[in-house]
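These protein sequences, in sequence, are chains U and D.
Numbering that gives the first Met the number 0 applies: residue 0 is where the first sequence begins, and numbers increase by one.
Numbering that gives the first Met the number 0 applies: residue 0 is where the second sequence begins, and numbers increase by one.
All remarks here apply to the structure that follows.
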Amino acid sequence: MVNIQEKISKLFPEATFEAGDVMRVTVPDAQWHDFAKTLRDDEELSFDFLVTIVGMDWKENGLGCIYYLTSTKHNTHISVKVMATGDRQQPFIHSIADLWAIAVIFEREVYDFFGIIFINNPDMRRLFLNIDWKGFPLRKDYNDDPNINPVSIENERQTDFTDMWVEEADGKVVKKERRIFAEDDFVVNIGPQHPATHGVLRFRTAVDGEIIKKIDIYLGYIHRGVEKICEGLTYPQTLHFMDRLDYFSAHPYHHCLCMAIEEAAGIQISRRAQVIRVLMDELSRIASHCLFIGTYCMDLGATTMLFYTLRVREQILDIMERTCGARMTFNYDCIGGVMQDLHPDFVKDVHALLDVIPKNIAEYNKVFTGNVIAKNRMENVGVLTREDAISWAVTGPNGRGSGWACDVRKCNPYSIYSELEFDEVVRTEGDSMARFKVRVEEMVQSARIIAQLIDNIPEGEYCVKVPKVIKLPVGHWFKTVEGCRGTFGVYLESDGTANPYRLKIAPPCLPASAVVDHITEGQKIADLITIGGSLDYIVPDIDR
Amino acid sequence: MQDLSVGTAWLHSLFLGFMPEWLAVTLECLLIGVGLMLLYAVLALFYILFERKVCAYFQCRLGPNRVGPWGLMQSIADMFKILIKELISLNHIDKFLFGLAPYLVIIASMLAFAVLPWGNGLQIIDFNVGIFFLLAVSSIGVLGILLAGWSSNNKFTLIGALRSGAQMISYELSMGLCVVTMVCMAGTMSVGGIVNAQEHLWFIFSGHIPAIIAFVIFMIAGTAETNRGPFDLPEAESELTAGYHTEYSGIHFGFFYLAEYLNLFIVSGVAALLFFGGWMPLHIPGWDAFNHIMDYIPSVIWFIGKAIALSFIIIWFKWTFPRLRIDQLLTLEWKYLLPINLFNLVLMVLIVTFKWYL
């Protein structure tokens, strides 16, 4: 194992280091692109997975970005802090869009919220807010007066052009206008109100007959500014927003933020609470994958499957309802444990569920997976190679369908997962069928985890005593969990008050939706539905 | 077997008793028209309820059960709802073609009703190229669909209509070849002639292997021809919202909807005619007592019962299989069904020539 710090300081003497849960390296912007290239390409480093880019506004200390990188080869983590050059009106950072494909989207997000312009990013548009929005909302000096950005009663202005900022030989940065589509493309709007986009997501699709030429993904229809809202809330209040991201499986997200806050505050939770949390996460995973199978089959025209899978999902939701009191937004995990103890019938209900799951999965495979039409529709459709999956940061079952063992529960175990026995499901085909099968098999593995825990729930308190007002020490933390749709990360920066200074959410669905353009090129319109469905993104999670 | 033409002949002579022949014929035509319209409406209502119930049971649900006993009045309520709905008029469309399209679709299916063998002697028109006429008029429907998609001035409808054009024209070939195969067997194109040729045994039994192959292909092609799942690409909900009829509202949409169900009936009716003897009761050579009992069941019930049983199979497909993709759909037709069909036709000709049928 090479010492990363030594190696980097040899190559880049100007870099400074800061220890933490993930080592943070600070490099000047001028060296950033070279540094990023070294991080990615060096054999001993090979940080090939860009987890997220956190835009930051440190007020008088300037704007900047924190890049979280992971090496899929060595399973090491690093974060890089880059300060923007230029003034607050036009801060610049060099783009790394040529190194990681997903950086195009991540950098657009930072630009949208912080106004940091990325030099050489080929598509420097806003990502979520509409193109006429004034100001950059996550800057600390943002003016949120509703008169500046009134609710529009006109149609949103649309443009077919995007900007690209390039550095000229004399160091001056100039803006160039580019077309998104070719001039005579036949562009069909798929979405935002479309049955197959699973929410208000819009694909501007250039087609040639039935063949897709290019897709421009258009986000932000349900952008609620969760990160901005959280900056004004206390820590326990921020938890509620986690349920509203991936609302089909809220538990893991809640779990992630709770863990981040607990780690920061130094709170140890009881084993009982940990077991309950893991049980809930895995139940959520089964419920979420059930819904995936159902809606995916419905996208492909097999409506009946939806009802078969909803049967199981309903059973799980009933279990959740009895314990958590809700069926969608549970608000169950809290700082220090869980909100209330398990329902007396919980164990019995879960046993009943475990009994029906194998039968149901066998039935799904019989009705759908083996069907020749389903095979034709899914096999070799939307093939995502392992390299592309990593470059696009497509995690979760999608990444595992492409042969990338990216399960956080295995490679970076949290809570009690290291003690549990389960297999990470990895398939190498990378097509829609592989993504589908990974999810079906993950249901079996989740059931296995539940079976291990359900009869051994330890006694103890379900929630430890925590202070009424939770204040975190000054610092920053980054926590990831395996959500039902991929790696979910939370970046938390505290300035010592009761509110987070910055709470950045790194959702798994944003990369999953961004990669659609890449893997649909040259496929049919019908394949867009197959591919989009198989990626299983959920729009509130993308838009936040 | 009671001959229902006795009744129609009696009516004709009754009219002739007090009016000239031209008036009598006109009046009869009017009566038939009204009867046909009523039948059309009743069948459509029945089919809507039937499909909803069948699919509900496939999906572990109950289906409509609030309006009337067992939800029987549900489709009637739905019909009234659709009748009083506003026809939303759109700008930037070709108003004439947009209005014409649903009528073309519905006329196509109505004309096909004229030659179906409803019962013994109960056929509106029985002429020497009946089955050919049926194929011809059912092709008018695709024109309506193309017009609907084109005149709506919408990208989704256009893609839906073009898919539909490609699909229906391709599958018409298979339909036609299946019909030709069975016409070979029957030796006549007249619908009455085809039914009578099955007096001793239905073609599906007497024609054995080629008839069964033709039947399977006919059912596949028929499903594709009626734009039903798994071949419902033109209106693939998850891809093209509602395909060619996205922009239609009120009863204009209702016409497309009705035509879809009636086409389902027509396809099953033609399959019943070609393979299961039309209105002909089940006769087994040598079992005279059995054949005699079968004759007591009225011919109308035989025909409609067979058609509904075959429709059930088509509905079953729809609620079980996922949808095909357009290129797979065309591959299936041109690379598999069509060559099999041509081979099957040759086989049938051999069988007829050498009298290998049962």
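Built from N, CA and C at the ideal position, the CB exists for glycine as well.
Nearest CA to the CA of residue i: which residue from the options?
{"i": "LEU157 (chain D)", "options": "D:GLY285, D:MET167, D:LEU145 and D:LEU121", "result": "D:LEU145"}
{"i": "VAL439 (chain U)", "options": "U:PHE91, U:ASP516, U:HIS288 and U:GLU17", "result": "U:HIS288"}
{"i": "GLU428 (chain U)", "options": "U:GLY402, U:SER414 and U:MET442", "result": "U:GLY402"}
{"i": "LEU574 (chain U)", "options": "U:LEU527, U:GLY265 and U:GLY231", "result": "Past the boundaries of the shown model lies residue 574 (chain U); chain U is included only from 0 to 543, so the question cannot be answered."}
{"i": "MET82 (chain U)", "options": "U:LYS212, U:LYS365, U:PRO27 and U:ILE541", "result": "U:PRO27"}
{"i": "ASP56 (chain U)", "options": "U:TYR500, U:ARG543 and U:ASP535", "result": "U:TYR500"}
{"i": "MET432 (chain U)", "options": "U:GLN522, U:TYR295 and U:ALA446", "result": "U:TYR295"}
{"i": "VAL473 (chain U)", "options": "U:ASP494, U:ASP184 and U:CYS483", "result": "U:ASP494"}
Quick check: what's the CA-CA separation for residue i versus residue j?
{"i": "PHE247 (chain U)", "j": "HIS91 (chain D)", "result": "41 Å"}
{"i": "PRO510 (chain U)", "j": "LEU68 (chain U)", "result": "15 Å"}
{"i": "LEU126 (chain U)", "j": "GLN89 (chain U)", "result": "18 Å"}
{"i": "GLN58 (chain D)", "j": "LEU341 (chain D)", "result": "38 Å"}
{"i": "SER70 (chain U)", "j": "LEU44 (chain U)", "result": "7 Å"}
{"i": "ASN153 (chain D)", "j": "ILE537 (chain U)", "result": "28 Å"}
{"i": "LEU176 (chain D)", "j": "LEU142 (chain D)", "result": "21 Å"}
{"i": "ALA18 (chain U)", "j": "ASN2 (chain U)", "result": "14 Å"}
{"i": "ILE179 (chain U)", "j": "ASP215 (chain U)", "result": "8 Å"}
{"i": "GLY70 (chain D)", "j": "MET109 (chain D)", "result": "27 Å"}
{"i": "LEU13 (chain D)", "j": "MET218 (chain D)", "result": "42 Å"}
{"i": "ILE203 (chain D)", "j": "VAL5 (chain D)", "result": "30 Å"}
{"i": "GLU167 (chain U)", "j": "THR161 (chain U)", "result": "19 Å"}
{"i": "PHE477 (chain U)", "j": "CYS255 (chain U)", "result": "10 Å"}
{"i": "GLY114 (chain U)", "j": "GLY134 (chain U)", "result": "8 Å"}
Within 10 angstroms of the Cβ of residue i, are there 16 or more other Cβ atoms? Answer buried if so, exposed if not.
{"i": "PRO145 (chain U)", "result": "exposed"}
{"i": "VAL584 (chain U)", "result": "The structure shown does not extend to residue 584 (chain U), since chain U is modelled only from 0 to 543, so the question has no answer here."}
{"i": "GLY485 (chain U)", "result": "buried"}
{"i": "THR302 (chain U)", "result": "buried"}
{"i": "PHE46 (chain U)", "result": "buried"}
{"i": "GLN73 (chain D)", "result": "buried"}
{"i": "ASP86 (chain U)", "result": "exposed"}
{"i": "ASN397 (chain U)", "result": "buried"}
{"i": "VAL269 (chain D)", "result": "buried"}
{"i": "GLN236 (chain U)", "result": "exposed"}
{"i": "GLY34 (chain D)", "result": "exposed"}
{"i": "ILE83 (chain D)", "result": "exposed"}
{"i": "LYS305 (chain D)", "result": "buried"}
{"i": "ASN343 (chain D)", "result": "buried"}
{"i": "ARG326 (chain U)", "result": "exposed"}
{"i": "PRO507 (chain U)", "result": "buried"}
Measuring CB to CB, does residue i end up less than 7 Å from residue j?
{"i": "ARG376 (chain U)", "j": "GLY400 (chain U)", "result": "no"}
{"i": "LYS52 (chain D)", "j": "GLY62 (chain D)", "result": "yes"}
{"i": "CYS54 (chain D)", "j": "TRP315 (chain D)", "result": "no"}
{"i": "HIS76 (chain U)", "j": "TRP31 (chain U)", "result": "no"}
{"i": "TRP278 (chain D)", "j": "TRP301 (chain D)", "result": "yes"}
{"i": "ASP294 (chain D)", "j": "GLY120 (chain D)", "result": "no"}
{"i": "GLY228 (chain D)", "j": "GLY531 (chain U)", "result": "no"}
{"i": "PHE306 (chain U)", "j": "ASP535 (chain U)", "result": "no"}
{"i": "SER283 (chain U)", "j": "HIS253 (chain U)", "result": "no"}
{"i": "LYS436 (chain U)", "j": "GLU423 (chain U)", "result": "no"}
{"i": "LEU336 (chain D)", "j": "ILE216 (chain D)", "result": "yes"}
{"i": "GLU50 (chain D)", "j": "SER151 (chain D)", "result": "no"}
{"i": "ARG23 (chain U)", "j": "LYS80 (chain U)", "result": "yes"}
{"i": "ALA220 (chain D)", "j": "MET174 (chain D)", "result": "yes"}
Run the proximity test for residue i: is its beta-carbon closer than 6 Å to any non-hydrogen atom belonging to the ligand NAP?
{"i": "ALA264 (chain U)", "result": "Although the ligand NAP was asked about, the structure shown includes no ligands whatsoever."}
### Task
Scan the region 294 to 325 of chain D for residues whose Cβ lies nearer than 9 Å to a Cβ of chain U and list them as they occur along the chain.
LYS317, TRP318, THR319, PHE320, PRO321, ARG322, LEU323, ARG324 and ILE325
#### Entry: Cβ-based contacts, 7 Å cut-off: residues of the region 371 to 398 of chain U near chain D
ILE372, ALA373, ASN375 and ARG376
### Query
Which residues, taken in chain order from the region 294 to 315 of chain U, show a beta carbon closer than 9 Å to some beta carbon of chain D?
Answer in chain order: CYS296, MET297, ASP298, LEU299, GLY300, ALA301, THR302, THR303, MET304, LEU305, PHE306, TYR307 and ARG310.
### Task
Determine which residues of the region 58 to 72 of chain D have a Cβ less than 9 Å from any Cβ of chain U, and write them out in chain order.
GLN58, CYS59 and ARG60
### Task
Give the residues from the region 221 to 232 of chain D that approach chain U closer than 8 Å (Cβ to any Cβ), ordered along the chain.
If the cut-off is 8 Å between Cβ atoms, the region 221 to 232 of chain D has GLY228, PRO229, ASP231 and LEU232 near chain U.
### Query
Residues in the region 503 to 530 of chain U with C-beta within 9 Å of chain D's C-beta atoms, listed in sequence order?
LYS523, ILE524, ALA525, ASP526, LEU527, ILE528 and THR529
### Query
Which residues, in order along the region 441 to 474 of chain U, keep a beta-carbon less than 7 Å from a beta-carbon of chain D?
none
### Query
Taking Cβ-Cβ distances below 8 Å as the criterion, which residues of the region 135 to 155 of chain D are in contact with chain U?
LYS154 and PHE155
### Message
Can you pull out the residues from the region 209 to 229 of chain U whose beta carbon lies closer than 7 Å to at least one beta carbon of chain D?
### Response
GLU209
### Message
Closer than 9 Å between beta carbons: that is the criterion. Which residues of the region 174 to 202 of chain U meet it against chain D?
### Response
Of all residues in the region 174 to 202 of chain U, PHE185, VAL186, VAL187, ASN188, ILE189, GLN192, HIS193, PRO194 and ALA195 have a Cβ within less than 9 Å of some Cβ in chain D.
#### Entry: Positions along the region 327 to 345 of chain D whose CB lies within less than 8 Å of some CB in chain U
GLN327
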